[in-house]
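As structure tokens, the structure follows; a few thoughts come after it.
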Amino acid sequence: MYGKGVANPSFRQRTAYHAMLLGGMAMITSALIVIGNKQTFADIELRRAEDMKRSLSQVIHPDMHTNDLLHDTMQLTTNHENKIFYIAKSNDKVIAVAFEMTATGYAGPITVMLGVNRNGELLGTRVLSHSETPGLGDKIEAEKNPWIFGFNGLSLSNPAESQWKVKKDGGYFDQFTGATITPRAVIKAIKSGLEIFKSNQAVLLAETKPQNHPSPVDTGNHKPTSIDGTKPDYSKSVTKKDKSSG
Amino acid sequence: MANQYKQIVREGIWDNNVVFSQMLALCPLLAVTGTATNGLGMGLATTAVLIASNFIVSVSRGMITPEVRIPVFVLLIASIVTLVDMFMNAYLHELYKVLGLFIPLIVTNCAILGRAESFAFRQPMPASVLDGLMMGLGFTLALVVLGGTREVLGSGTLFANASLMFGEIFSVIELTIIPHYSGFLLMILPPGAFIALGFILAGKRVIDSRTAKQNTKELPILNNEMALDSAK
């Protein structure tokens, strides 16, 4: 088993040596991982915040507001779910809100970020994460197909509420060749997002005092908590999840 | 010595290719090869882990005893992958966003444990590092060939989104092979991976048997020597 010239003294054959070796290795590797984690933790949090900021800036143009969306958040319970709303303000006046919606697509949940202005019109929509079929359902990504931009400027009354469907179902929106379930799910998510906005409009658009929230890098427990009581996940940038794992 | 290195290169890329000959690492292979770009990214990440694990195993082989070698290897490989995962997330974030979900899959790549066990544990450091590099490149080759085949047949493109993953310069390799192609879903879905892999393996067998035939005609003596070698 040993290479040439490697000595094999008898103490190595003792069980104690094996235990020590394995334990020692476990300690060294654990220490390395702890160091690695310490080294990268702040950077990873920063990257996540940047990602979140980028997805927010795609649905609400950064020039429109003067505040930091990551710091001005509001948490409301809608449909028995806690939802975080990112409030965009210009001179302390709420001009738009951004929030995430989740729908069930063909191969798993689809997360959509919506930006809605005071009048309930969509400023922008983006799919943040999904696990749809590559080449078919992934046309909902802004990088792959302009389809998602078709929602800009729309509201619950434009098109009429009954038209918030794919063309195949007699609605206003295009579906993709070979993928109808995916756009259907996205449309449903955006529509129910608009409905949530409508029913919470009064609270969301109310004048709020400027608050000094901690920076997103800070992980103190004063941050808003999401549905399952954990901290909000900034990592939801467009990622394709592959179903096969392990 | 130079001959031994040449042998390692040959083994890694072709003769003893992780996928085409050893039939290892099929799980990540089938999972990520929807496009050639994903295959390339996963191949390169795996190569980095292979080199690191072969290096560490080879350097510390005098210390590790045969009785506990497997748990020690698993521990080392899992730690390397975890570190790679964290550092990629922090410093190569764009690449991580595309490959992130596949990086932990590298732990399940039995080829890495296989190389630690059958090569790095018995060989000196330089040879082990070269073996890691070559086995990794061989694996990358397999991933790119399979990914490319599936991508061309499935969506008519080649290296789509390479610029998203590796930077703007790579937009030149993004090709549309079949314009206005409506797509062939089967090739993109997992069964397509099995079907394409089957054809590629059959193709490799054909090439190998042809070269073997040629070698017997041209160099009967050398071939005998090779037979003797393998008999040892």
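Chains as they are written, first to last, in the working numbering: chain X, 32 to 277; chain Y, 243 to 474.
We put the CB at the ideal spot given by N, CA and C, even for glycine.
All of these numbers come straight from a predicted model, not from anything done at the bench.
Report the rounded CA-to-CA distance for residue i versus residue j, giving the unit in angstroms.
{"i": "residue 284 of chain X", "j": "residue 115 of chain X", "result": "The question about residue 284 of chain X has no answer here: the residues shown for chain X are numbered 32 through 277."}
{"i": "residue 387 of chain Y", "j": "residue 278 of chain Y", "result": "7 angstroms"}
{"i": "residue 301 of chain Y", "j": "residue 295 of chain Y", "result": "10 angstroms"}
{"i": "residue 84 of chain X", "j": "residue 416 of chain Y", "result": "29 angstroms"}
{"i": "residue 278 of chain X", "j": "residue 402 of chain Y", "result": "The first residue shown for chain X is 32 and the last is 277, placing residue 278 of chain X beyond what the model contains."}
{"i": "residue 205 of chain X", "j": "residue 220 of chain X", "result": "16 angstroms"}
{"i": "residue 339 of chain Y", "j": "residue 87 of chain X", "result": "17 angstroms"}
{"i": "residue 73 of chain X", "j": "residue 330 of chain Y", "result": "14 angstroms"}
{"i": "residue 442 of chain Y", "j": "residue 235 of chain X", "result": "58 angstroms"}
{"i": "residue 477 of chain Y", "j": "residue 393 of chain Y", "result": "In this structure chain Y extends from 243 to 474, so residue 477 of chain Y is not present and cannot be described."}
{"i": "residue 197 of chain X", "j": "residue 216 of chain X", "result": "10 angstroms"}
{"i": "residue 75 of chain X", "j": "residue 194 of chain X", "result": "42 angstroms"}
{"i": "residue 103 of chain X", "j": "residue 218 of chain X", "result": "27 angstroms"}
{"i": "residue 322 of chain Y", "j": "residue 445 of chain Y", "result": "35 angstroms"}
{"i": "residue 249 of chain X", "j": "residue 310 of chain Y", "result": "Any reading at residue 249 of chain X must be qualified, since the residue scores a pLDDT of 43, below 50, and its modelled position is unreliable; the value itself is stated next. Approximately 42 angstroms between the Cα atoms of the pair."}
{"i": "residue 248 of chain Y", "j": "residue 384 of chain Y", "result": "20 angstroms"}
{"i": "residue 96 of chain X", "j": "residue 170 of chain X", "result": "30 angstroms"}
{"i": "residue 142 of chain X", "j": "residue 244 of chain Y", "result": "55 angstroms"}
{"i": "residue 140 of chain X", "j": "residue 167 of chain X", "result": "16 angstroms"}
{"i": "residue 452 of chain Y", "j": "residue 356 of chain Y", "result": "29 angstroms"}
{"i": "residue 70 of chain X", "j": "residue 211 of chain X", "result": "45 angstroms"}
{"i": "residue 325 of chain Y", "j": "residue 335 of chain Y", "result": "14 angstroms"}
{"i": "residue 256 of chain Y", "j": "residue 285 of chain Y", "result": "15 angstroms"}
{"i": "residue 266 of chain Y", "j": "residue 395 of chain Y", "result": "24 angstroms"}
{"i": "residue 419 of chain Y", "j": "residue 389 of chain Y", "result": "14 angstroms"}
{"i": "residue 230 of chain X", "j": "residue 165 of chain X", "result": "35 angstroms"}
{"i": "residue 269 of chain Y", "j": "residue 111 of chain X", "result": "39 angstroms"}
{"i": "residue 275 of chain Y", "j": "residue 400 of chain Y", "result": "12 angstroms"}
{"i": "residue 49 of chain X", "j": "residue 307 of chain Y", "result": "7 angstroms"}
{"i": "residue 430 of chain Y", "j": "residue 120 of chain X", "result": "44 angstroms"}
{"i": "residue 263 of chain Y", "j": "residue 379 of chain Y", "result": "14 angstroms"}
{"i": "residue 434 of chain Y", "j": "residue 428 of chain Y", "result": "5 angstroms"}
{"i": "residue 64 of chain X", "j": "residue 337 of chain Y", "result": "21 angstroms"}
Please list, in chain order, the chain X residues whose beta carbon lies closer than 8 angstroms to that of residue i.
{"i": "residue 307 of chain Y", "result": "43, 44, 48, 49, 52"}
With DSSP collapsed to three states, give me the class of residue i.
{"i": "residue 263 of chain X", "result": "Unreliable placement is indicated for residue 263 of chain X, whose pLDDT of 48 sits below 50; no coordinate value is reported for it."}
{"i": "residue 102 of chain X", "result": "coil"}
{"i": "residue 146 of chain X", "result": "strand"}
{"i": "residue 417 of chain Y", "result": "strand"}
{"i": "residue 386 of chain Y", "result": "helix"}
{"i": "residue 300 of chain Y", "result": "helix"}
{"i": "residue 456 of chain Y", "result": "helix"}
{"i": "residue 324 of chain Y", "result": "helix"}
{"i": "residue 277 of chain Y", "result": "coil"}
{"i": "residue 107 of chain X", "result": "strand"}
{"i": "residue 368 of chain Y", "result": "helix"}
{"i": "residue 401 of chain Y", "result": "coil"}
{"i": "residue 258 of chain X", "result": "Below a pLDDT of 50, predicted positions are generally treated as unreliable, and residue 258 of chain X, at 43, falls in that range; no measurement from the model is reported."}
{"i": "residue 189 of chain X", "result": "strand"}
{"i": "residue 260 of chain Y", "result": "coil"}
{"i": "residue 207 of chain X", "result": "strand"}
List, in chain order, every chain Y residue whose beta-carbon is nearer than 8 angstroms to that of residue i.
{"i": "residue 56 of chain X", "result": "314, 317, 318"}
Mind listing the chain X neighbours of residue i? Cutoff is C-beta to C-beta under 9 angstroms, in chain order.
{"i": "residue 425 of chain Y", "result": "166, 167, 208, 209"}
What residues of chain X sit near residue i, judged by a beta carbon separation below 7 angstroms?
{"i": "residue 310 of chain Y", "result": "49, 52, 53"}
Against residue i, what residues of chain Y qualify as contacts under a CB-to-CB distance less than 7 angstroms, listed in chain order?
{"i": "residue 63 of chain X", "result": "321, 325"}
{"i": "residue 60 of chain X", "result": "317, 318, 321"}
From which residue to which residue does the beta strand (DSSP E) around residue i run?
{"i": "residue 2 of chain X", "result": "Residue 2 of chain X lies beyond the range of chain X shown here (32 to 277); nothing can be said about it."}
{"i": "residue 118 of chain X", "result": "112–121"}
Contact criterion: CB-CB distance below 8 angstroms. Does residue i meet it with respect to chain B?
{"i": "residue 278 of chain Y", "result": "Among the chains of the structure shown, chain B does not appear; the protein chains present are X and Y."}
Grab the span of the alpha helix (DSSP H) containing residue i for me, first residue to last.
{"i": "residue 124 of chain X", "result": "Here residue 124 of chain X belongs to no alpha helix (DSSP H); instead the beta strand (DSSP E) covers 124–135."}
{"i": "residue 344 of chain Y", "result": "Residue 344 of chain Y -> no alpha helix (DSSP H), and no H or E assigned at all."}
{"i": "residue 61 of chain X", "result": "46–90"}
{"i": "residue 249 of chain Y", "result": "244–252"}
{"i": "residue 95 of chain X", "result": "No alpha helix (DSSP H) holds residue 95 of chain X; DSSP gives it neither H nor E."}
{"i": "residue 214 of chain X", "result": "212–236"}
{"i": "residue 138 of chain X", "result": "Run containing residue 138 of chain X: none; DSSP gives neither H nor E here."}
{"i": "residue 428 of chain Y", "result": "427–430"}
{"i": "residue 356 of chain Y", "result": "352–357"}
Contact list for the segment 68–90 of chain X against chain Y, Cβ threshold 7 angstroms: Considering only beta carbons, the part of the segment 68–90 of chain X lying closer than 7 angstroms to chain Y consists of 68, 71, 74, 75, 78, in chain order.
Within 9 angstroms of chain X by C-beta, residues of the segment 315–345 of chain Y in sequence order: From the segment 315–345 of chain Y, only 317, 318, 320, 321, 322, 324, 325, 328, 329, 331, 332, 333, 335, 338, 339, 340, 342, 343, 344 have a Cβ closer than 9 angstroms to chain X.
Residues from the segment 425–447 of chain Y in contact with chain X, defined by Cβ distance under 8 angstroms: Here the close residues are 425, 427, 430, 431, 432.
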